[in-house]
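Structure, as structure tokens:
Shown next as structure tokens:
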């Protein structure tokens, strides 16, 4: 039972992480689109791109209107109080095809899709009408209105959604007769956490600070006591002018002590040699030993 519960928790966590990088998509068409699905909760960016290509393949519509609002979420799109003008228009108008994808994995390149539709339907050159990118040939037109990304903070987001809701009234007023309306978004970018800078309790160690301070005092005293630049150290104290206890003194003492120990060991070894006096007597000498052998 516990394993099943843990599996459900991990599955829900992975699903939440997947939906975090997703965005909603809405397509409304006055003409029926045979290959269009009725409702999708999850789709990839390639699936939505194929859907748009299918909707514009015959170029049966006179107006293709694409609205891009980065940062728009599925909750914003489904909440009638957030975008009431859009909900009122979709409820009042009769659409032969209505496709809503709650979570699109990936980011749609709306500008590239708009240019592809314009090229496919041969709607003419690109032009700008205010903040709307337009491709128009007289009979057909392809429009793209791209809004700035919604703010991440709650207060700024509410204000931006209100402005977007107000703009929808003027945007959809251009749609008459045969049209295709597309609302696309991009995933919400999470706010970067504030980087915490590490601060040391003590910028400089106390010992180093004291050494630096002592060195500055000596230099200040030397400069203050000197009468000229050539005789700067003449008035310094003896132990500040000369360095008596240098590392070379300790090194010389250590080597001298080592040599004295070696010499003492050698002299002690030589002094410890003992030879009896009997070895030098006539009876115990080599001549006496040869005489004994002859007998």
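In our numbering, the protein residues as written are 144 to 438.
Every residue, glycine too, gets a C-beta built ideally from N, C-alpha and C.
Between the C-alpha atoms of residue i and residue j, what's the straight-line distance to the nearest angstrom?
i           : j           : result
residue 416 : residue 402 : 22 Å
residue 263 : residue 294 : 35 Å
residue 299 : residue 184 : 28 Å
residue 326 : residue 170 : 6 Å
residue 198 : residue 176 : 6 Å
residue 195 : residue 260 : 9 Å
residue 386 : residue 398 : 20 Å
residue 241 : residue 188 : 18 Å
residue 290 : residue 283 : 23 Å
residue 233 : residue 211 : 17 Å
residue 267 : residue 258 : 10 Å
residue 186 : residue 278 : 28 Å
residue 410 : residue 381 : 42 Å
residue 221 : residue 301 : 15 Å
residue 390 : residue 383 : 16 Å
residue 296 : residue 201 : 42 Å
residue 180 : residue 319 : 24 Å
residue 104 : residue 414 : Outside the shown range of the chain (144 to 438) lies residue 104, about which nothing can therefore be said.
residue 408 : residue 400 : 12 Å
residue 306 : residue 272 : 19 Å
residue 219 : residue 168 : 12 Å
Leaving out five residues before and five after residue i in sequence, what residues of the same chain have Cβ atoms less than 6 Å from its Cβ?
i           : result
residue 329 : 166, 213 and 250
residue 164 : 330
residue 373 : For residue 373, the predicted structure reports a pLDDT of 48, less than 50, and the residue's modelled location is therefore unreliable. A value from the coordinates is still provided. No residues qualify anywhere along the chain.
residue 230 : 223
residue 190 : none
residue 323 : 172, 198, 204 and 207
residue 270 : 277
Our contact map puts residue i next to residue j with C-beta atoms below 8 Å; I'd like the distance itself, whole angstroms only.
i           : j           : result
residue 287 : residue 244 : Between residue 244 and residue 287 the Cβ distance is about 19 Å, and since that is not below 8 Å, they are no contact.
residue 280 : residue 238 : Rounded, the Cβ-Cβ distance is 25 Å, inconsistent with contact.
residue 321 : residue 178 : The pair is not a contact, with the Cβ atoms about 18 Å apart (cut-off 8 Å).
residue 246 : residue 217 : 7 Å
residue 225 : residue 304 : 6 Å
CB-CB under 7 Å to residue i, same chain, minus the five flanking residues each way: which ones, in chain order?
i           : result
residue 228 : 308, 311 and 312
residue 292 : 213 and 214
residue 395 : none
residue 388 : none
residue 338 : Only weak support exists for where residue 338 lies, its pLDDT of 49 falling under 50; the value from the coordinates is given anyway. Within the same chain, residue 338 has no close Cβ partners at all.
residue 265 : 280
Can you list, in chain order, the residues of its chain with a C-beta nearer than 8 Å to that of residue i? Leave out the 5 residues immediately preceding and following it.
i           : result
residue 317 : 206, 208 and 286
residue 192 : 251 and 256
residue 275 : 286, 287 and 288
residue 392 : none
residue 248 : 161, 164, 165, 185, 186, 187 and 188
residue 371 : Unreliable placement is indicated for residue 371, whose pLDDT of 49 sits below 50; the coordinate value is still reported in the next sentence. Around residue 371: no qualifying Cβ.
Should residue i be listed as close to the ligand NAD, given that the test is whether its C-beta is under 8 Å from any heavy atom?
i           : result
residue 313 : The model depicted lacks the ligand NAD and carries no ligand whatsoever.
(request) Entirely within the segment 287-326 and at least 4 residues each: give me those alpha helix (DSSP H) ranges in chain order. (result) 297-315
(message) Restricting to runs no shorter than 3 residues, where is the beta strand (DSSP E) found entirely within the segment 163-242?
(response) 165-172, 183-187 and 206-211
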